[in-house]
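Q: Under my numbering, the letters of the sequence shown match residues 121 to 189, in that order. Virtual Cβ for every residue (Gly too), placed ideally from N, Cα, C. A quick note: this is a predicted structure, and the numbers were derived from the prediction, not measured.
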Amino acid sequence: SSNSVRLTEIAENSGTPARLLDDKSELDHGWFQGVQTVLLTAGASAPEDLVRGIIEELLRVHGGTVEHA
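Dropping the structure here:
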C-alpha cells in the first residue's frame with residue numbers, strides 16, 4: 121500500500137536501512153549482520169498473519185525478544 125511505501129521512505133530518509141516485504145520469503149538474513157535492534161512496522165492493510173510470519177522467522181533465526189509499542 122502507499123502507507124507502507126511511505127513508512128519505508130521515512131526510515132530511509134532518516135538514514136535507517138528499510139525494506140518493504142510482502143512476506144517472510146523475502147527476508148535476507150544477511151541484512152541483520154551486526155544489528156542489535158529491528159523495528160517492524162506495517163501498513164494498516166498488511167495481513168496480521170504475514171506480519172506474524174516475519175516476526176516468527178526473525179526470532180527463529182536470530183533469537184531475541186519482542187516488544188510491542
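Would you kindly work out how many angstroms separate the C-alpha atoms of LEU141 and SER122, rounded to a whole number?
A: Position 21 of the sequence shown, counted from the start, is the residue given in the question as residue 141. Position 2 of the sequence shown, counted from the start, is the residue given in the question as residue 122. Rounded to the nearest angstrom, the two C-alpha atoms are 13 Å apart.
Q: Comparing alpha-carbon positions, which option in HIS182, ASP143, THR136 lies nearest ALA166?
A: Within the sequence shown, numbered from 1, the residue matching residue 166 stands at position 46. That would be ASP143, whose Cα lies nearest to the Cα of ALA166.
Q: What's the call for ILE174, buried or exposed, on a 16-neighbour Cβ count within 10 Å?
A: Residue mapping note: residue 174 aligns to position 54 of the sequence shown, counting from 1. In the assembly as shown, ILE174 is a buried residue. Its beta-carbon has 16 or more other beta-carbons within 10 Å.
Q: What is the rounded straight-line gap between the Cα of HIS149 and the Cα of ARG172?
A: To locate residue 149, count along the sequence shown from 1; it is residue 29. To locate residue 172, count along the sequence shown from 1; it is residue 52. HIS149 and ARG172: Cα-Cα distance of roughly 17 Å.
Q: Looking at the structure shown, is GLY173 part of a helix, part of a strand, or coil, going by DSSP?
A: Start at 1 with the first residue of the sequence shown, and residue 173 comes out as number 53. Three-state result, GLY173: helix.
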